[in-house]
Each structure stands twice: as structure tokens, then as C-alpha cells.
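*Asks:*
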Amino acid sequence: MKKLFFVTGESSGDMHAASLLNELYKMIPPRDLIVEAIGSNYLEKAGARIFFDCKYLGSIGLTEVLKKLSMYLNLERELLFELSMFRPDVLILVDFPGFNLRLTKKIKKLLPETKIVYYLPPQVWAWNEGRTKTLAKYCDLVLCGLPFEEEFHRKRGVNAFYVGNPILSETENLDREKVRSEFAVTKEDMLIGLFPGSRESEIHFMLPVLLEACELLYKSSPHCKFMIAQASTISKLESSVQTFLQKKGFTKIQEKIKILPPGNNHKLLCASDLAWLTSGTVTLEAALYETPMILGYRGNKINYFLYLLLRRIEMIGLPNIIMGEKIVTELIQDDATAENYYQITKVCVQVHGHMEKIRHDLKKVREKLTEKDASYEAALKIRDNFLPNYKVITAK
Numbered sequence: 026m027k028k029l030f031f032v033t034g035e036s037s038g039d040m041h042a043a044s045l046l047n048e049l050y051k052m053i054p055p056r057d058l059i060v061e062a063i064g065s066n067y068l069e070k071a072g073a074r075i076f077f078d079c080k081y082l083g084s085i086g087l088t089e090v091l092k093k094l095s096m097y098l099n100l101e102r103e104l105l106f107e108l109s110m111f112r113p114d115v116l117i118l119v120d121f122p123g124f125n126l127r128l129t130k131k132i133k134k135l136l137p138e139t140k141i142v143y144y145l146p147p148q149v150w151a152w153n154e155g156r157t158k159t160l161a162k163y164c165d166l167v168l169c170g171l172p173f174e175e176e177f178h179r180k181r182g183v184n185a186f187y188v189g190n191p192i193l194s195e196t197e198n199l200d201r202e203k204v205r206s207e208f209a210v211t212k213e214d215m216l217i218g219l220f221p222g223s224r225e226s227e228i229h230f231m232l233p234v235l236l237e238a239c240e241l242l243y244k245s246s247p248h249c250k251f252m253i254a255q256a257s258t259i260s261k262l263e264s265s266v267q268t269f270l271q272k273k274g275f276t277k278i279q280e281k282i283k284i285l286p287p288g289n290n291h292k293l294l295c296a297s298d299l300a301w302l303t304s305g306t307v308t309l310e311a312a313l314y315e316t317p318m319i320l321g322y323r324g325n326k327i328n329y330f331l332y333l334l335l336r337r338i339e340m341i342g343l344p345n346i347i348m349g350e351k352i353v354t355e356l357i358q359d360d361a362t363a364e365n366y367y368q369i370t371k372v373c374v375q376v377h378g379h380m381e382k383i384r385h386d387l388k389k390v391r392e393k394l395t396e397k398d399a400s401y402e403a404a405l406k407i408r409d410n411f412l413p414n415y416k417v418i419t420a421k
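Following the numbering used here, the numbering of the sequence shown begins with 26 at its first residue and continues without gaps.
1. Please go through the segment 344-420 and give each complete beta strand (DSSP E) segment of 3 or more residues, from N-terminal end onward.
2. Within this structure, are the beta carbons of Ile259 and Ile228 separated by less than 8 Å?
3. Return helix, strand or coil for Met252, following the three-state DSSP convention.
4. Pick helix, strand or coil for Lys292, following the three-state DSSP scheme.
5. Leu299 bridges to which residues according to DSSP?
6. Roughly how many angstroms separate the alpha carbons of Gly38 and Glu364, rounded to a whole number?
7. Grab me the residues of Thr159's own chain with a C-beta within less than 8 Å of its C-beta, minus the 5 sequence neighbours each way, in chain order.
8. For the segment 129-172, list the alpha helix (DSSP H) runs that are entirely contained and at least 4 residues long, ordered along the chain.
9. Figure out for me which residue from Leu412, Asn414, Pro413, Lys406 has the closest Cα to the Cα of Asn184.
10. According to DSSP, is Leu118 part of a helix, a strand, or is it coil?
11. Helix or strand or just coil, what does DSSP make of Ile53?
12. Examine the Cβ distances between the segment 337-350 and the segment 217-226 and report whether three or more of them are shorter than 8 Å.
13. What is the residue span of the beta strand (DSSP E) that Ala32 lies within?
14. Relative to the ligand MN, is the shortest distance from any of its heavy atoms to the C-beta of Phe31 smaller than 7 Å?
15. Should Met340 be flagged as near chain B, meaning a C-beta pair shorter than 8 Å?
16. Roughly how many angstroms lie between the CA atoms of Asp409 and Lys416, to the nearest whole one?
17. By DSSP, does Glu197 sit in helix, in strand, or in coil?
18. If you check the beta carbons only, do Met252 and Gly218 fall under 8 Å apart?
19. For Asp57, count neighbouring Cβ atoms within 10 angstroms of its own Cβ and tell me buried if that reaches 16, exposed if not.
20. The alpha helix (DSSP H) that contains Tyr67, what's its start and end?
21. Starting from Lys283, follow the beta strand (DSSP E) in both directions and report where the run begins and ends.
22. Pull up the distance between the alpha-carbon of Leu87 and that of Asn328, whole angstroms please.
23. In this structure, does DSSP put Ala209 in helix, strand or coil?
24. I'd like the list of long-range same chain contacts for Ser109, defined as Cβ closer than 8 Å, with 5 residues on each side in sequence excluded.
25. Can you tell me where the beta strand (DSSP E) holding Arg323 begins and where it ends?
26. Return the residue from the list Tyr81, Arg181, Ala403, Met52 that minimises the CA-CA distance to Asn66.
27. Taking only the alpha-carbon atoms, compute the straight-line gap between Glu197 and Ser297 and give it to the nearest angstrom.
28. Is Leu82 helix, strand or coil when you go by DSSP?
29. At which residues does the beta strand (DSSP E) containing Tyr187 begin and terminate?
30. Since Gly342 and Ser304 should fall inside the 8 Å C-beta cutoff, what is the C-beta to C-beta distance between them, to a whole number of angstroms?
31. Let me know if Pro413 comes out buried or exposed under the rule of 16 or more other beta-carbons within 10 Å of its beta-carbon.
32. Grouping DSSP H, G and I as helix and E and B as strand, with all else coil, what is Glu61?
Written as C-alpha cells, this is what we have:
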């Protein structure tokens with residue numbers, strides 16, 4: 026009997042971890058595994074016992090972390106006690122670096138026999154490179170989701186492997202015309218998909234910008250329709266939108282803006298002529314659908330100052346980082362204004378061939394990622410390195 030413990034910090038990590046666990050179950054009989062987790066619905070459905078629901082954890086930036094500091098410290102204390110009793114053979118950390126990197130140090134001291142796997146490690150190549158030392162010292166295996174990460178980490182002493190990106194297999198295969206028909210969008214309509222974020226802090230800063238941009242664009246292009254993606258982690262989005270529109274006097278545009286229920290993100294990315302995004306994983310999902318996008322980010326000034334202080338590269342969008350050049354527009358902090366979204370959208374729509382060029386460049390992103398099945402490859406690495414008695418059972 027082998028024991029596994031997963032630690033995730035938000036919905037996407039929960040999904041990636043569940044996919045990985047499902048692949049492990051194909052290689053190892055479920056009766057031979059006991060699995061616990063900090064996770065949510067996806068991991069629970071996959072068969073893990075949930076120790077703490079990760080939906081309460083999502084934070085970004087120093088100021089947001091400080092607001093929840095007591096909760097994080099209490100959770101860490103309770104988790105360390107739980108792990109000391111559970112004594113997992115393998116601890117699998119998924120993303121969530123602020124919490125998970127601290128955990129690696131404490132677990133190696135508390136449970137030296139437990140193997141630590143970091144799946145989808147922090148983007149230390151973008152900022153705060155010092156975290157690489159923690160990965161090298163405390164993690165037995167690091168499984169990377171971007172092709173250049175393996176070499177980057179290995180040069181710094183990390184036992185790292187590129188296994189592919191889980192978003193590739195988790196992205197739904199959709200028929201664009203069918204989805205547009207389902208959304209009552211005609212060929213004459215220009216559909217703008219709004220993705221204001223999956224955290225309350227992102228919504229606070231980005232939603233007003235995107236809604237003001239809708240008003241500006243609607244005045245010059247009344248054939249536009251606007252649909253807003255709603256993350257399952259966000260509550261009362263509709264009331265926030267309506268309150269803002271009424272406060273600003275944007276009455277005419279209210280009927281042109283529709284808020285989709287959670288779970289429709291992929292459909293909206295596929296159906297949109299152009300996506301207005303808050304920087305994050307969704308930018309890579311948009312690239313896989315070859316949907317032209319404008320990505321932006323606004324946040325607390327203290328967080329932005331720290332980002333400027335610690336960053337190693339100029340770009341924040343995953344499609345741009347993967348390609349090594351700005352193939353889609355980035356609007357950061359003071360540049361993330363309604364006027365800029367509006368003006369750049371006009372260029373996308375009015376300049377002949379502009380959108381086609383973006384789609385052509387985005388197609389190359391998938392080619393760069395390769396078609397590796399990340400969940401399968403990650404499960405294989407974990408089994409072969411730490412659960413070798415089960416090698417006789419083949420997964421595929």
C-alpha cells in the first residue's frame with residue numbers, strides 16, 4: 026500500500042492534479058493507493074480524500090497574501106501535523122509556489138523519507154530566480170510544463186524533466202460555428218470575450234477597465250457583442266457588472282453584455298473573434314484555440330513594484346514567453362486602460378490581415394509545446410522513480 030498527498034492552491038491546479046491521479050490509477054491498482062489532498066471537486070471526484078478545500082486559498086501578490094496570512098499559517102501548521110500522521114510515500118505539489126516552496130523545506134526535515142515531486146513549478150525564469158535553489162535542494166523530482174524549463178532548471182542543479190503541458194489535453198475540442206450558434210452569435214456579429222480573472226483581486230482591478238472598453242467600442246461598433254467568462258471561484262459577478270454599468274450610466278450597453286455561467290470558458294475562447302484577457306493560464310488556452318487576444322494586468326502598486334524589482338524578462342503572457350517575442354499585445358498596470366483596449370481592438374478589426382497574422386503566430390505556440398500527454402508523462406515519471414514495483418503494469 027502506497028500513500029500519496031497532493032497540495033494544490035486553486036481550481037486549475039486541482040484539475041491538473043486530478044488528471045495526474047487518474048493516470049496513476051491506470052498504472053497502479055486503486056486498491057494499492059491511499060490518496061489525500063488539499064484540493065477541491067476534481068481531486069475528490071478522482072478519488073482523493075480532501076483534507077482542505079483549495080477554493081479558499083487563491084491569492085496573488087504580497088498584499089493579497091498578507092490579508093490571508095493567518096489562514097495560511099494555520100493551514101500550514103495543521104497540514105504538517107496531518108502529514109506527520111499520514112506519512113506519505115510521495116508528496117506531489119502542484120503550482121501554488123508561495124505555500125508549496127515553504128512546505129518543501131519543512132517536509133524534508135519532518136519526513137526525510139517522503140519523496141517530494143513538484144509538478145508545474147514556479148516560473149522562476151520570469152522572476153525571483155532565487156527560488157531555484159529551493160527546488161534543487163528539497164525536491165526529488167520537478168516536472169515542467171513548458172519546453173524550455175527543463176534545460177533552465179537542470180543548469181541550476183534541479184532534477185527536472187519536461188513532461189508536456191496539461192492544458193493541451195484539458196482544452197476541449199470544439200466546433201467554432203456550433204458554439205457561436207449556441208451563443209446566438211451570427212456571422213455579422215463581432216464577439217468580444219471578456220476574461221477578467223479568477224481571483225477577487227483581479228476582478229477588482231480589471232473588470233472596470235474591460236467594461237469601460239466595452240462602452241467605448243460599442244459606440245463606434247454597435248454590431249459588437251460582449252460575453253463575460255465567470256470563474257467558479259468568483260461569486261456575485263453579475264451584480265458587480267450591473268452595479269458598475271448603472272453607476273457609470275452605461276444603460277445602452279447592458280443588453281449587449283452577457284455573463285456566462287461557470288464552465289463555459291473554453292467555449293467562449295473558441296467562439297470569440299477577439300478575447301480581452303487578464304494575464305494568466307487563460308492566455309495559453311486562447312492561444313491553443315488560435316483566438317486573437319489583448320492581455321492585460323492591473324494590480325496593487327506594491328505588488329507591481331515587487332514584480333519590477335524581481336522580474337527577469339519583459340513579457341508576462343505565456344504565448345509571448347513561449348515564442349520568445351510579443352506576438353500578442355500586453356497592457357500592464359498603467360497601460361491597462363479602457364482607451365488602450367479600445368484603440369488596439371480598432372487596429373485588430375480595421376487593419377487588413379492583422380487578425381490573420383495573430384492567428385498564424387498563435388498556431389506556432391501549439392507546435393512549440395509538442396503533443397505530449399502531460400498527465401500520463403508525469404504519472405510515468407512518478408511511478409518509475411518512486412513506485413517501481415508497479416512497472417509491470419502498463420498505462421498505454
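Every residue gets a Cβ at the ideal spot worked out from N, C-alpha and C, and that includes glycine.
*Replies:* Taking the definition as stated:
1. Runs of the beta strand (DSSP E) lying entirely within the segment 344-420, each at least 3 residues long, are 354-357 in chain order.
2. For the purposes of this step, residue 259 is taken as residue 234 along the sequence shown, with counting starting at 1. For the purposes of this step, residue 228 is taken as residue 203 along the sequence shown, with counting starting at 1. In contact: Ile259 and Ile228 (Cβ atoms closer than 8 Å).
3. If you number the sequence shown from 1, residue 252 lands on position 227. Reduced to three states, the DSSP call for Met252 is strand.
4. For this step, residue 292 is matched to residue 267 along the sequence shown. Lys292: helix per DSSP, three-state reduction.
5. If you number the sequence shown from 1, residue 299 lands on position 274. For Leu299, which the question treats as bridged, DSSP gives the partners Ile217.
6. As a first step, residue 38 must be located in the sequence shown, where it is residue number 13. As a first step, residue 364 must be located in the sequence shown, where it is residue number 339. Taking the straight line from one Cα to the other gives about 34 Å.
7. For the purposes of this step, residue 159 is identified with residue 134 of the sequence shown, where counting begins at 1. Within its own chain, the residues whose Cβ lies closer than 8 Å to the Cβ of Thr159, once the five positions on either side in sequence are excluded, are Leu126, Thr129, Lys130, listed in chain order.
8. Along the segment 129-172, the alpha helix (DSSP H) occurs as fully enclosed runs of 4 or more residues at 156-163, listed in sequence order.
9. Here residue 184 corresponds to residue number 159 of the sequence shown, with the count starting at 1. Taking each of Leu412, Asn414, Pro413, Lys406 in turn and checking the Cα distance to Asn184, the smallest one comes out for Lys406.
10. Stepping through the sequence shown from its first residue, residue 118 is reached at position 93. When secondary structure is reduced to three states using DSSP, Leu118 falls in the strand class.
11. Within the sequence shown, residue 53 is the residue found at index 28, counting from 1. In this structure, Ile53 counts as coil in the three-state DSSP scheme.
12. With fewer than three CB-CB distances shorter than 8 Å, the segment 337-350 does not count as touching the segment 217-226.
13. Position 7 of the sequence shown, counting from 1, holds the residue named residue 32. Here the sequence assigns Val to residue 32, which means Ala is not the residue at that position. Counting along the chain, the unbroken beta strand (DSSP E) around Val32 starts and ends at 27-32.
14. No copy of the ligand MN occurs in the structure displayed, which carries no ligand at all.
15. Among the chains in the structure shown there is no chain B, since it carries only a single protein chain.
16. The residue given as residue 409 occupies position 384 in the sequence shown. The residue given as residue 416 occupies position 391 in the sequence shown. Taking the straight line joining both Cα atoms gives about 7 Å.
17. In the sequence shown, the residue the question calls residue 197 occupies position 172. Three-state result, Glu197: coil.
18. Within the sequence shown, the letter at position 227 stands for residue 252. Within the sequence shown, the letter at position 193 stands for residue 218. Contact: yes.
19. Taking the sequence shown and counting its residues from 1, one reaches residue 57 at position 32. Taking all protein chains shown into account, Asp57 has fewer than 16 neighbouring C-beta atoms within 10 Å of its C-beta and is therefore exposed.
20. As a first step, residue 67 is located in the sequence shown; it is residue number 42 there, counting from the start. Taken as a continuous stretch (DSSP letters only), the alpha helix (DSSP H) holding Tyr67 covers 66-71.
21. Locating residue 283 in the sequence shown gives position 258, counting from the first residue. For Lys283, the uninterrupted beta strand (DSSP E) run begins and ends at 282-284, by DSSP.
22. The residue labelled residue 87 in the question sits at position 62 within the sequence shown. The residue labelled residue 328 in the question sits at position 303 within the sequence shown. Caution applies to Leu87, whose pLDDT of 49 falls short of 50 and renders its modelled position unreliable; the value that the coordinates give is listed next. Roughly 6 Å separates the two Cα atoms.
23. By 1-based counting over the sequence shown, the position of residue 209 is 184. Residue state, collapsed to three classes: coil.
24. Translated into positions along the sequence shown, residue 109 becomes position 84. Sequence-distant partners of Ser109 (beyond 5 residues in either direction) whose C-beta falls short of 8 Å from its own C-beta, in its chain, are Leu135, Leu136.
25. As a position in the sequence shown, residue 323 is number 298, starting the count at 1. Per DSSP, Arg323 belongs to no beta strand (DSSP E) and is neither H nor E.
26. Numbered from 1 along the sequence shown, position 41 holds the residue referred to as residue 66. Ranking the options by Cα distance to Asn66, first place goes to Tyr81.
27. Within the sequence shown, residue 197 is the residue found at index 172, counting from 1. Within the sequence shown, residue 297 is the residue found at index 272, counting from 1. Answer to the nearest angstrom: the Cα atoms are 15 Å apart.
28. For the purposes of this step, residue 82 is taken as residue 57 along the sequence shown, with counting starting at 1. Here Leu82 sits in coil by DSSP.
29. The residue you call residue 187 lines up with position 162 of the sequence shown. In the DSSP assignment, Tyr187 falls within the unbroken beta strand (DSSP E) covering 185-187.
30. Numbered from 1 along the sequence shown, position 317 holds the residue referred to as residue 342. Numbered from 1 along the sequence shown, position 279 holds the residue referred to as residue 304. Contact holds; Cβ gap of about 6 Å.
31. Numbered from its first residue, the sequence shown carries residue 413 at position 388. That one is exposed.
32. On the sequence shown, residue 61 is found 36 positions in, with the first residue counted as 1. Strand.
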